[in-house]
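Single-structure report; data block below.
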Amino acid sequence: MEYNHKDIESRWQQQWKNDKTYSTEIDRERPKFYVLDMFPYPSGAGLHVGHPLGYIASDIYSRYKRLQGFNVLHPMGYDAYGLPAEQYAIQTGQHPEKTTNDNIARYRSQLDKIGFCYDWNREIRTCDPSYYKWTQWAFIQMFNHYYDTEAAKAMPIAKLIEHLDAKGTAGLKAACGKELDITAEQWKAMDEKQKSDTLMNYRIAYLGNTMVNWCPQLGTVLANDEVSDGLSVRGGYPVEQKLMYQWCLRVSAYAQRLLEGLEKVDWTDSLKETQRNWIGRSEGAEMRFKVAGSDLDLEIFTTRADTIFGVTFMVLAPESAYVAQVTTPEQKAAVDEYLATVKHKTERERMIDKKMTGVFTGSYAVNPLTGKNIPIYVSDYVLAGYGKGAIMAVPAHDSRDYAFARAFNLPVIPLIEGADVSEESFDAKEGKMINSDGPELKLNGLDVKDAIATTKKFIEEKGLGRVKVNYRLRDAIFSRQRYWGEPFPVYYKDGVPHMLDMDKLPLMLPEISEYRPTETGEPPLGRAENWCTAEGYPLELNTMPGFAGSSAYYLRYMDPHNDEALVSEEANGYWRQVDLYIGGTEHATGHLIYSRFWNKFLYDLGKVVEDEPFKKLINQGMIQGRTSFVYRVQGTNTFVSHGLKDNYDVQTIRVHIDLVNNDVLNTEEFKKWRPEFENAEFILEDGKYICGYAVEKMSKSMFNVVNPDDIVERYGADTLRLYEMFLGPLEQSKPWDTNGIDGVNRFIKKLWNLFYKGDTCLVDDSEPSAQNLKTLHTLIKKVTADIENFSYNTSVAAFMICVNELAKQNCHSRAVLSQLLVVLAPFAPHVAEELWHSAIGNTTTICDAKWPEWNEDYLKESTVNYPVSFNGKPRFNITVEASTPAPEVQKLALEHESAAKWLEGKTVVKVIVVPGKIVNVVVK
RNA sequence: GCUCGAAUGGUGUAAUGGUAGCCACGAGGGACUUAAAAUCCCUUGGUCAUUGCGACCGUGCGGGUUCGAGUCCCGCUUCGAGCACCA
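Be aware that the first sequence starts at 225, since it is given in the working numbering, and climbs by one per residue.
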């Protein structure tokens, strides 16, 4: 029997399917383990070799845990709502559901070929009504709750109404859009619309007028994590700021818990750091500056309360509500003109343009500590979204304020001893304070940190402001002007939004004739006929964003067919949370924040038992493309090999990856690739045409996409699996490079040759030798440790060593080889299963085997070779029994004849023996 | 600018503070073969030596701790990632 991957792999994949080998049920007899992959968006391009990297890693871990006796939940599904399917629908008129289903079918067939142990009974799709029913349900719950900042959890909105009925907003501790001051009488006197508007200020899912990232080309708003450098992440279109009335989720209410929760999870430091940056907690002080000659206060936030004596002016963001209030009639024309010019700039232009612009409002503020009047300016370097859009400017110690002060010729007062502010500001928070003694507060001589604390205390005592924590994390904008997304379970009665009753869910996505926005600019759902409740009330036209469906999918896998709840108490109580989550870092500030928020909300409601959804998280690196190049001599049809190209004036041309093998161009195929290359001629080196290469993103246009199907077809799934792991550390990004795949394929053939020679099965019942056992147990020990550390590349190396050694030892012992197969099974399940049955003769599947334990006794050396060093330089070796005690080794080393030479005329200072390793003699 | 990583042969990489370069790829040489493929064996960090043994230098740079540093500490350089007019 020869190793035939096609036959073996298709046969076993079929059998696993028939036997439902990997289907999982709750089993209280066994400990549970939940391994999850980030489910893919099924794009039209299909899977490329980068996708399976994480899937293979999680598959290995799942199979390993299963062999260790865990009840492993390892599901897969599809994040099926998304922009590409909709864009395609707009262009072709094809229903996005059709496109999506086609893509899913393709993904599934590709995944199946790699031999994953998913429980496909639990498959979910976010666009499936039985699934999005629970996305809609969660939204209704969020609408019906507010965040109690004292209890630090979500509470029913009824409790808030109770409070308003009794005391108005007095003493209300709730996360809100803006601080309201309403008495119980005022509240009770409100009509339904006013009450609704008031409650919106507190609901966790609320309608709000917010600045949104509007993308005209996509015709929709985007969340902050969907925008990068002022461009949309998908498509790269410009994004502008626009005030819109939108559904939002009050994620900001959970900022502190999202931050604290990071302490409890086992994620990489860099990912936690990314989330901490995104949440952006800053401790500071909120202070009020009186506007001279008016009873208006400017409220500002600062983390540098210590610099208050250096405030020489104030600056307002152009969008700030204060601008209109402080602008004097004389300055009105100038201010209006400035606002107009700012308005025409996009967010991106504002960011790129570093030139300081601004205008004086005509008013002055009073520095509460010095009593001095300071001018108030408007400038677009202040962000509207930060606090109230007003800052106190300390040019000496803030580079932006410094630039503005220089541009407008405003005074700069240094506050820190030794700081030279003649050329630039001194931003560091260190040093001793100067110029900071006022009538009441004296800071001179204090350290910056102490000065901050002293000032905070002072302003709090004097009622000038209060200590406050600010977060960068913003509420999530939850409306999209799109068709292909979850419909909101919302209808409007006299302009007031209401939630549908549970028995009306799921609210199904309606059919529409066209997927573009309507002529009147309404979202596509505006085209749906009868898009209203049975009573005739209009339904919401927006749909939910992509992250809605992915925020709780891991809970649904626990109980995917439940029609009564997102997840039953029983299933959630058993599976609890994801023990191991594998996916890319690109979701660090999106999905991984939203789903933590979503989970915490459900936790507050008592619907889930764990506060954090993902206990351990591993980020697999990205697989980049490796683009190959050929070099055409300018003006000819002659191509010169990479090593010789510097002798010519050449044009670099990307060449399709399929035409290149180990950097060698297949010149015949190349000629057929494009008509213009038909008569190409080549200048070869060593008889070959060697291509150059560059590492780029894997994409169709770069001709560097490698499809896993092709690898499976040629080498088999087991080779693909082993090779992807062999490529390097899991968490590292690396280019896809098939240059080493033959080595892995050779390994499998060598493994096969341990069991078969031609048609003869070599396996026998011979007693394993001590050497055999040492080789085997070295492997078991190494692989067990490696899997726990996700160090799969070194495991593959260990397999290669083991098989090479067993071949040299001519080992065919059933006892040894069967254990080798069990250890290999997570990595290369097909070939392991095949040999397990055909050569070892087992009748049960290898999945029912037990992970072997290594025996330390087999690993012990009978003799140990100690290199003996003098002053760190190795001089000779001594060989002693492994059991020889260290003092004895020391004695033998010093008595060795070579030692005598080195010790002549020298004094031994000390002798160090590292057991089993080294003897170091220190001489003087 | 702030934060977090990383840097080792021609390449991907490996090394609980203990003989740096495991395992592969590539390259070179050899065996088998009419020939090729496949397979197997040997060599492969650098320099020098090479009819023996070997010798010296080597983990981005400069210091330090240590009997001993790729690994730990301090200071740089370069690259990558995240955040960023967030006051």
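Every residue, glycine too, gets a C-beta built ideally from N, C-alpha and C.
| Asked | Found |
| --- | --- |
| For residue 431, report the span of its beta strand (DSSP E) as first-last. | 429–439 |
| Count Cβ pairs between the region 434–442 and the region 464–480 that sit closer than 8 Å; are there 3 or more? | yes |
| Considering only the alpha carbon of each residue, which of 718, 756 and 783 lies closest to residue 711? | 756 |
| Only counting the same chain, and skipping five residues up and downstream in sequence, which positions put a Cβ closer than 8 Å to that of residue 896? | 902 |
| May I ask which residues mark the beginning and end of the beta strand (DSSP E) holding residue 1165? | Past the edges of the chain, shown from 225 to 1148, lies residue 1165, and the structure says nothing about it. |
| What are the start and end residues of each continuous beta strand (DSSP E) run of 3 or more residues lying completely inside the region 903–987, in chain order? | 905–907 and 916–920 |
| Which whole-angstrom value describes the C-beta separation of residue 619 and residue 602, a residue pair presumed to lie in contact below a C-beta threshold of 8 Å? | With 8 Å as the limit, residue 619 and residue 602 do not qualify as a contact, their Cβ atoms being about 17 Å apart. |
| Which partner residues does residue 473 have in the DSSP bridge list? | 429 and 700 |
| From residue 247 to residue 341, what distance separates their C-alpha atoms? | 9 Å |
| Relative to the C-alpha of residue 224, which candidate in 763, 746 and 322 has its C-alpha closest? | In the structure displayed, the chain extends from 225 to 1148; residue 224 sits before or after that span and is not available. |
| Along the chain, where does the beta strand (DSSP E) that runs through residue 831 open and close? | Premise fails: residue 831 is in no beta strand (DSSP E) and is neither H nor E. |
| Tell me whether the beta-carbon of residue 936 lies closer than 7 Å to the beta-carbon of residue 337. | yes |
| Could you tell me the boundaries of the alpha helix (DSSP H) in which residue 807 lies? | Element bounds for residue 807: not the alpha helix (DSSP H) but the beta strand (DSSP E), 802–807. |
| Is there contact here, the region 483–496 with the region 622–642, by at least three beta-carbon pairs under 8 Å? | no |
| Following the continuous alpha helix (DSSP H) through residue 278, name the residue where it begins and the one where it ends. | 275–291 |
| On the CB-based measure, 16 or more other CB atoms within 10 Å of its CB, does residue 1157 come out buried or exposed? | Since the first and last residues shown for the chain are 225 and 1148, residue 1157 lies out of range. |
| Mapping DSSP to helix, strand and coil, what is residue 1102? | strand |
| With three or more beta-carbon pairs closer than 8 Å as the criterion, would you say the region 654–672 touches the region 561–569? | no |
| By Cβ distance, which residues of its chain are closer than 8 Å to residue 596, with the 5 residues on each side in sequence left out? | 590 |
| Apart from the five residues on each side of it in sequence, which residues of its chain come closer than 7 Å, Cβ to Cβ, to residue 398? | 370, 371, 372, 373, 384 and 426 |
| Grouping DSSP H, G and I as helix and E and B as strand, with all else coil, what is residue 560? | helix |
| If you draw a straight line from the C-alpha of residue 624 to the C-alpha of residue 616, how long is it? | 12 Å |
| What three-state label does DSSP hand residue 524 in the structure shown? | strand |
| Find the nearest neighbour of residue 352 within the set 777, 273 and 454, judged by alpha-carbon distance. | 777 |
| Got a sec? Which residues, its chain only, sit under 7 Å from residue 761 by beta carbon, not counting five neighbours each side? | 715, 716 and 717 |
| Going by CA-CA distance only, name the one from 611, 650, 609 and 795 that's closest to residue 626. | 650 |
| Can you check which of these residues, 1079, 1067 and 1116, is closest to residue 1091 by C-alpha distance? | 1116 |
| Would you decide whether residue 801 is buried or exposed? Buried here means 16 or more other CB atoms lie within 10 Å of its CB. | buried |
| Quick check: the Cα distance between residue 919 and residue 699, rounded to an integer number of angstroms? | 37 Å |
| Taking the alpha-carbon positions, what's the residue 344 to residue 299 distance? | 7 Å |
| Taking 7 Å as the limit between beta carbons, can you name the residues of its chain near residue 330, skipping five residues before and five after? | 270 |
| Cutting at 8 Å between CB atoms, please list the residues of its own chain near residue 500, excluding the five before and the five after it. | 483 and 486 |
| Within this structure, are the beta carbons of residue 406 and residue 393 separated by less than 7 Å? | yes |
| What is the DSSP secondary structure of residue 1008, reduced to helix, strand or coil? | helix |
| Give every residue of the same chain whose Cβ lies closer than 8 Å to the Cβ of residue 328, excluding the five residues on either side of it in the sequence, and list them in chain order. | 266, 302, 304 and 349 |
| If residue 310 sits next to residue 706, beta carbons under 8 Å apart, how far is it from one beta carbon to the other, in whole angstroms? | 6 Å |
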